[in-house]
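Per numbering that gives the first Met the number 0, residue 0 is the first one in the sequence shown, and the count goes up by one each step. Think of the CB as a built atom: it goes at the ideal place given N, C-alpha and C, for glycine as much as any other residue. All of these numbers come straight from a predicted model, not from anything done at the bench. Worksheet: the structure to be examined is printed underneath.
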Amino acid sequence: MLREENERQNLIARSTLETLWDRHLIDSAQLMRFGAAEGGRWVDVGSGAGFPGIVLSILAGKSMMLVEPRKLRADFLQRCIEQLDLPNSEVFPHKVERLQGSFDVVTARAVAPVDRLFAMTLHLAHGGTRWILPKGRNGAKELADARRAWQGRFRTEASITDPEAVVLVADGVKPKGGTGR
């Protein structure tokens, strides 16, 4: 489905089609190890080609909200949900700032720096929300930058698909000097 749709719209870089399994599927699946025991409502911001949201929905069977404001991509995600029979998943075809509700886990891959992701999604969090954010080589720097304005329990874990990449796991996120949610 992805390869076919990628001919119509640029979901992933053509240069990564040959490494689709490692570069996208396993990279998405590895996030399960940080959230498998977490609560039931997950939100994936900027779902695009379905990474990591569709992969996690297949693996975990959790309630997954896929946030994708670009219409063609949102339509593709809806077709994936229907064809893969993922009844616990749905697409929110707008910017994340318009989404309402409370989620147990927030994921986002290649969307924005950590500090901006926290700002964009804090309204969706409750006290026990966990952010699971795959980050590239600059993950540690992004976290250091975010710590200027945000507090919480943060850790980076090594990515299993790229020795230079990390996965940021964050709990209890709130703005410094504020209470958050």
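- The count of Cβ pairs closer than 8 Å, one atom from the stretch 75–90 and one from the stretch 105–116, stays below three, leaving the stretches out of contact.
- Measuring C-alpha to C-alpha distances from residue 46 to each of 28, 161, 25 and 73 identifies 73 as the nearest.
- Taken atom to atom, the span from the alpha-carbon of residue 92 to that of residue 29 is near 26 Å.
- Here residue 173 carries a strand assignment [DSSP, helix/strand/coil].
- Nearest to residue 142 by alpha-carbon distance, out of 122, 127 and 117, is 117.
- Contact check for residue 171 against residue 126 passes: the beta carbons are separated by less than 9 Å.
- Residue 134: member of the beta strand (DSSP E) spanning 129–134, first to last residue.
- Using a Cβ distance threshold of 9 Å, residue 34 and residue 12 do not count as a contacting pair.
- Under the three-state reduction of DSSP output, residue 160 falls in the coil class, being neither helix nor strand.
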